[in-house]
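Quick mapping for you: the protein sequence lines, in order, are chains A and B. Residue numbering for the first sequence follows my numbering, beginning at 1448 and increasing consecutively. Residue numbering for the second sequence follows my numbering, beginning at 1448 and increasing consecutively. Glycine residues also receive a C-beta, built at the ideal position from the N, C-alpha and C atoms. Remember, it's a predicted structure, so these values are computed and weren't measured experimentally. Heads up: the structure comes next, in structure tokens.
Protein chains: 2
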Amino acid sequence: MLVNGESGKLISIRDRGLLYGDGVFRTLLARNGHALYGQLHLQKIQHDSAKLGIVCPALPQLSDELDGLLARHPEGIIKLIVTRGQGARGYAPPHCAEPAHVWDVSPVPVYPVDWATQGIQLRVCETRLSEQPRLAGIKHLNRLENVLAAAEWRDAQIAEGLMLDAAGNVIAGTRSNLFLVRHGRLITPDLSRCGVAGVQRDRVIACAAARAIPLQVRDVSLAEVLAADEVFLVNSVIGLWPVRALADCRWGEFPFVRKLQQLDAQESRV
Amino acid sequence: MLVNGESGKLISIRDRGLLYGDGVFRTLLARNGHALYGQLHLQKIQHDSAKLGIVCPALPQLSDELDGLLARHPEGIIKLIVTRGQGARGYAPPHCAEPAHVWDVSPVPVYPVDWATQGIQLRVCETRLSEQPRLAGIKHLNRLENVLAAAEWRDAQIAEGLMLDAAGNVIAGTRSNLFLVRHGRLITPDLSRCGVAGVQRDRVIACAAARAIPLQVRDVSLAEVLAADEVFLVNSVIGLWPVRALADCRWGEFPFVRKLQQLDAQESRV
């Protein structure tokens, strides 16, 4: 673990990341000494920091630190947190805050192998996401809604929970982004009022654009998800999970998902 | 500073308070070795912890630790944070989490003396509070909205910012609760969808009940605040600040506030 570039696993109790959740984070998957889409994650955390007015460490510094971590931990989940750092008491951001940044590495979780191939069981969470356009899309440290939603079930057979906003629009999984397929078209929820725009979501959108696959980013109802030809979730740790069960609906075949995975594999080989 | 009962000023980078804002806090004012309404604060943090399913340290333990702090720091702002502690990676709360708790002491801020007597200048913030009934009222660590709101102004003459919800209801100051007086009646915003229910707000409500002063807890529009006979803010550090200026409105006399302060002073002497 690295705290502000030095080996350590502690942070000040006066860090605004703890006091107010005043910071952002990203979770990367390391395989064979390589961080998957590492540069995209580092660009995203720069972008999210800027949205909160936090001066993120520069890309070359973060890249160097990441390389050092990968040399020591070729396999793992790598988490990067950037906070606004310490400052005077009170909510107002200090005029010249020194941001803090933290790297942490954990083992890669082991999921049942058939989740990626046969699909997962998804449930609808009762906890709704609140609407906050100023924070929507940003992977910030205010994640109590995700915590409450993830606390709703303990059945290990259920891989993920689906979160709606107060108006009933489907937004995302507790830790993943959602896509549906309908009549050969991809649809993913609009995240301009809540939710986190993940790197894998961006990648699916970019892949669709590059292959001229029609894709819509818009409001999606639960009824529309249940009526979809295929449904899948993405994030940087799980990659892609098709959904085989949600409420009373079952899906057994994922031809579109297979095609997308083939295209992505070709892309990655280039 | 105390971290889990021991002297220290650092916390694990894996504490869920930092990772997700998964915790609660309270801010107390210490004067002459006495924490004002200390027991109310400790009860509140117990209550808020329970709402998030966090096992808060027991009241006698917290009281003992607070007494120890007060002996060393008779004057100051005392902050108590309780988090869910550490656990496995991921949003789901660990089955048997060890909660963490942190005490910190800062100097009492010095405000212009006439703010408490002549009133303060208040501004309307652009940042809106999002609606989340599951978290409303709780003083939790997800406070980015307050941070964004407090970042909106730098003019030191403006003492506080007023926050509305997306529908335009007035909810609270960035760090205070709001009351208005209209025709001899107290009105304070309903906090069932957003906002923090502070100890001083509870005290004003209890004082009104004890003295048979009519009080309504309900939705309040900005127009209603601007049309009020008197407006005031409360929190544990500032005590009570009348509002002398908000938007184009000015208030110069605060007879109701004076009466309330007299009643409260009598109460405190008993």
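query	result
Give me the residue from L1662(B), L1693(B), G1645(B), F1701(B) with the minimum Cα distance to G1686(B).	G1645(B)
Compare the C-beta of N1451(B) with all C-beta atoms of chain A and state if any pair is closer than 8 Å.	no
Kindly list, in the order they appear in chain A, the residues whose Cβ is closer than 7 Å to that of A1539(B).	A1597, A1598
Mapping DSSP to helix, strand and coil, what is T1564(B)?	helix
Below 8 Å between beta carbons is the criterion; list the residues of the stretch 1566 to 1596 of chain B that meet it against any residue of chain A, in chain order.	T1574, R1575, S1577, E1578, Q1579, R1581, L1582, H1587, L1588, N1589, R1590, L1591, E1592, N1593, V1594, L1595, A1596
How far does the beta strand (DSSP E) with P1636(A) in it reach, from first residue to last?	1632 to 1636
Given a cut-off of 8 Å, decide if D1676(B) and R1629(B) are closer than it, judged by their beta-carbon atoms.	yes
Going along chain B, which residues have a C-beta under 7 Å from T1621(A)?	Y1538
Using beta carbons (cut-off 8 Å, strictly below), is K1491(B) in contact with chain A?	no
At a CB distance below 9 Å, what residues from the stretch 1456 to 1478 of chain A approach chain B? Give them in sequence order.	K1456, L1457, I1458, S1459, I1460, R1461, D1462, R1463, G1464, L1465, L1466, Y1467, G1468, D1469, G1470, F1472, T1474
Any Cβ of chain B within less than 8 Å of the Cβ of V1667(A)?	no
Below 7 Å on C-beta distance, what does Q1639(A) contact in chain B?	This sequence places Ser at residue 1639(A); Gln is not what is there. Near S1639(A) there are no residues of chain B at all, since even the closest Cβ is about 13 Å away, more than 7 Å.
Look at P1605(B) and D1612(B) and say whether their C-beta atoms are less than 8 Å apart.	For the sequence presented, residue 1605(B) should be read as Ile rather than Pro. In this structure, D1612(B) does not lie closer than 8 Å to I1605(B) by Cβ.
Determine the closest residue to R1531(B) out of F1703(B), N1451(B), P1689(B), T1621(B), with distance taken between C-alpha atoms.	N1451(B)
Since V1549(B) and L1449(B) should fall inside the 8 Å C-beta cutoff, what is the C-beta to C-beta distance between them, to a whole number of angstroms?	7 Å
Would you list the one or two residues that DSSP bridges to L1527(A)?	R1473(A), W1550(A)
Between the Cα of L1662(A) and the Cα atoms of A1712(A), L1633(A), P1540(A), T1564(A), which residue gives the shortest distance?	L1633(A)
Can the beta-carbon of V1681(B) be found closer than 8 Å to that of S1623(B)?	yes
What is the rounded straight-line gap between the Cα of A1563(A) and the Cα of Q1709(A)?	14 Å
When Cβ atoms are compared, which residues of the stretch 1515 to 1546 of chain B fall closer than 9 Å to chain A?	I1524, K1526, I1528, T1530, R1531, A1535, R1536, G1537, Y1538, A1539, P1540, H1542
Should G1455(A) be labelled buried (16 or more other beta-carbon atoms within 10 Å of its own) or exposed?	exposed
Would V1651(A) and F1626(A) be called neighbours here (beta carbons separated by less than 8 Å)?	yes
Output needed in chain order: residues of the stretch 1606 to 1617 of chain A with a Cβ under 9 Å from some Cβ in chain B.	A1613
Cβ of G1631(A) less than 8 Å from any chain B Cβ?	no
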